[in-house]
Amino acid sequence: MARKRVGVLISGSGSNLQALIDAASDPAYPAEIALVVSNKADAFGLQRAAKAGIATQVFDHKGYGDRESFDAAMDAALRAAGCEIVCLAGFMRILSRGFVEGWAGRMLNIHPSLLPSFKGLHPQRQALEAGVKVAGCTVHLVTPDLDDGPILEQATVPVLDSDDEAALSARILEQEHRIYPKGLALLAGGAVRIEGRRALTG
Ligand code: 4DW
Ligand code: GAR
14 MARKRVGVLI SGSGSNLQAL IDAASDPAYP AEIALVVSNK ADAFGLQRAA
64 KAGIATQVFD HKGYGDRESF DAAMDAALRA AGCEIVCLAG FMRILSRGFV
114 EGWAGRMLNI HPSLLPSFKG LHPQRQALEA GVKVAGCTVH LVTPDLDDGP
164 ILEQATVPVL DSDDEAALSA RILEQEHRIY PKGLALLAGG AVRIEGRRAL
214 TG
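Residue numbers (our numbering): 14 to 215.
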C-alpha cells in the first residue's frame, strides 16, 4: 500500500523527529516524512530534516497577527505538500480549534507523561514533585483540548531516588523515541478505530 505522507511540526531539538525519520528509512514503514515545519528558524530539527533530504519550512509565529492566520499558513503548506497525517514533535504553539478539526483523527502528539496525569508544561518536573514511582510518555491523537485525545501508545519508566528533572527526562525521552514510530505506524497503517475516548488497535 502507498506510504502515508506525514508533516512533522517542531520547535526545537527534533530528537523525536529523528526517531520518525529513522523509522521511515525502512521502505516497509507505512509512512514517509514529506515536510518538516518549525515556528523557530534556529530549531536543530531543521538540520536533521535537511540532512535526510526532507523539505523544511519555517513559519515564525511572531510574524502573524493572530493564531488563526499562523495556523492557516502552516495548514496550506502541509496540504500543498500532500500531507495526510500531522505529527507534533516538541511543537510548542497551541493550535486553534479550526486547525485541529481540519486534521481530526489524523494528528498525533507525544507527551512526556503518562496521560491523563501531568498535562501541560514540565510534566517530568510535575511527576517528581508528585512523588510517583513510575513515569512515562504517551502518543495520542490531538483534539482541541490540550494533552487530551485517544491514546495510541504509552511506555513506563521507573522514577529513581537519585533522579532530578534532567535524568528522568532523559529516561523518558528514550522511550518516546521507541513509541512515537510505533504510534505513527498504527495510524498510517489504518489500524486505529476510535470508540469514545479509546483508540482500539487490535
Ligand atoms: C502543548 C500545549 C501547550 C503549549 C505548548 C505545547 C502540547 C502539544 C500541543 C502543541 N500545540 C497544540 C498541542 C495540543 O495538545 N493541542 C493543541 N495544540 N490544540 C503552550 O502553552 N504554548 C504556548 C507557547 C509557548 C512558547 O511559544 O514557548 C502558546 O501560547 O502557544
Ligand atoms: C519531548 O520530550 C516531547 O515529548 C515534549 O517536548 C520534547 C521535544 O523533544 N513535548 C511536550 O512536552 C508537548 N507537550 P524533541 O524536540 O527532541 O523531540
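Cβ coordinates follow ideal geometry from the N, Cα and C atoms, glycine included. Owing to the predicted nature of the structure, the values given are computational and were not obtained by experimental measurement.
- For L22, the enclosing beta strand (DSSP E) begins and ends at K17 to I23.
- Take the alpha-carbon of G209 and the one of P163: they are about 8 Å apart.
- Collapsing the DSSP output to three states places S28 in a helix.
- With a threshold of 16 other beta carbon atoms within 10 Å, R61 meets it and is buried.
- With a cutoff of 8 Å on beta-carbon distance, G149 and L127 are scored as near each other.
- Under the DSSP assignment, S51 falls in the beta strand (DSSP E) whose first and last residues are A44 to S51.
- Between ligand 1 and the CB of N122, the shortest heavy atom gap is smaller than 7 Å.
- Rounded to the nearest whole angstrom, the CA to CA distance from A15 to G203 is 12 Å.
- With fewer than 16 neighbouring CB atoms inside 10 Å of its own CB, L159 falls in the exposed class.
- When the five nearest sequence neighbours on each side are left out, the beta carbons in the same chain lying within less than 6 Å of the beta carbon of A68 are those of L48, in order along the chain.
- A distance of 8 Å or more separates the beta carbons of L197 and L101.
- Looking only at D55, H74, E45 and F112, the smallest Cα-Cα distance to A65 is reached by E45.
- For L108, the CB falls within less than 7 Å of some heavy atom of ligand 1.
- Rounded to whole angstroms, D88 and F112 show a C-alpha spacing of 7 Å.
- Listed in chain order, the alpha helix (DSSP H) elements of length 4 or more contained wholly in the region 119 to 147 are 136 to 143.
- In its chain, beyond the 5 residues on either side, D84 have a beta carbon closer than 7 Å to the beta carbon of L108.
- Put simply, the backbone Cα of I34 is about 25 Å away from that of Q137.
- Straight-line measurement puts the Cα of K146 at about 25 Å from the Cα of N29.
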